[in-house]
Amino acid sequence: MNYWLVKSEPFKYSWDDFVKEGKSVWDGVRNYQARNNLMAMKKGDWVYFYHSNEGLEVVGLAEVSKEHYPDPTTDDPRWVVVELIPVRKFNKTVTLKQMKSDSRLCNLALIKQSRLSVTPVNKPEFDIILSLTE
Numbered sequence: 001m002n003y004w005l006v007k008s009e010p011f012k013y014s015w016d017d018f019v020k021e022g023k024s025v026w027d028g029v030r031n032y033q034a035r036n037n038l039m040a041m042k043k044g045d046w047v048y049f050y051h052s053n054e055g056l057e058v059v060g061l062a063e064v065s066k067e068h069y070p071d072p073t074t075d076d077p078r079w080v081v082v083e084l085i086p087v088r089k090f091n092k093t094v095t096l097k098q099m100k101s102d103s104r105l106c107n108l109a110l111i112k113q114s115r116l117s118v119t120p121v122n123k124p125e126f127d128i129i130l131s132l133t134e
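full-length UniProt numbering numbers the first residue of the sequence shown as 1 and each following residue consecutively.
Following this line, the structure appears as structure tokens:
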């Protein structure tokens with residue numbers, strides 16, 4: 001299993017929107033590295049849902065329900081989507097400030113490559129963030 005983090009601006013698409021829909025096609029990614037991350041996602045992988053721009057926090061956990069396929073929002077074959085389903089909202093969110101102040105997360109891609117909308121999270125990082133939600 002692999003672990004990921006996807007970012008969404010909550011005023012455009014929030015965790016609550018995601019839960020209301022019950023699933024999401026993660027579309028509109030137009031960065032090659034983020035696209036490659038989408039292509040590496042496998043069904044069953046876990047994904048942190050991060051509110052960017054407003055909130056700056058991990059708010060919930062999702063799961064990859066369908067692996068990559070062509071992005072239906074463009075005719076350009078270079079771009080792909082995955083489908084995600086919500087697993088659970090965290091009672092206690094994990095802020096970017098918390099993650100930046102935790103030395104165990106100093107190599108977290110969210111911090112190192114802050115502009116990417118889809119980033120990998122390694123297992124130890126995943127476990128640390130999860131522990132901070134309890």
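Backbone N, C-alpha and C define an ideal beta-carbon position, used for all residues, glycine too.
Chain-order list of residues whose beta-carbon lies under 8 Å from that of residue i (same chain, five-residue window excluded)
i, result
"Q33", "Q113, L116"
"P77", "P70"
"M39", "H68, V80"
"E57", "Y50, H51, T93, V94, T95, L96"
"Y13", "S24"
"K123", "Y3"
Contact belief for residue i with residue j at Cβ below 8 Å, rounded distance in angstroms
i, j, result
"T133", "V94", "6 Å"
"I85", "G22", "7 Å"
"E125", "L105", "6 Å"
Chain-order list of residues whose beta-carbon lies under 7 Å from that of residue i (same chain, five-residue window excluded)
i, result
"R88", "G60, L61"
"K7", "Y50, S52, S117"
"K42", "N2, V64, E67"
"V54", "It should be pointed out that residue 54 corresponds to Glu in this sequence rather than to Val. Counting only Cβ-Cβ distances below 7 Å, and skipping sequence neighbours, we find E9, P10, F11."
"N107", "none"
Residues that residue i bridges to, as DSSP identifies them
i, result
"A62", "V47, P86"
"T73", "Its beta-bridge partners do not exist; DSSP assigns none."
"W26", "V82"
"K7", "Y50"
"E57", "H51, T95"
"T119", "L5"
Contact set for residue i: own chain, Cβ-Cβ below 6 Å, skip 5 residues either direction
i, result
"L5", "Y48, Y50, L110, T119, V121"
"N2", "D45"
"K66", "E83"
DSSP state of residue i mapped onto helix, strand, coil
i, result
"Y13", "coil"
"K92", "strand"
"E21", "helix"
"E125", "helix"
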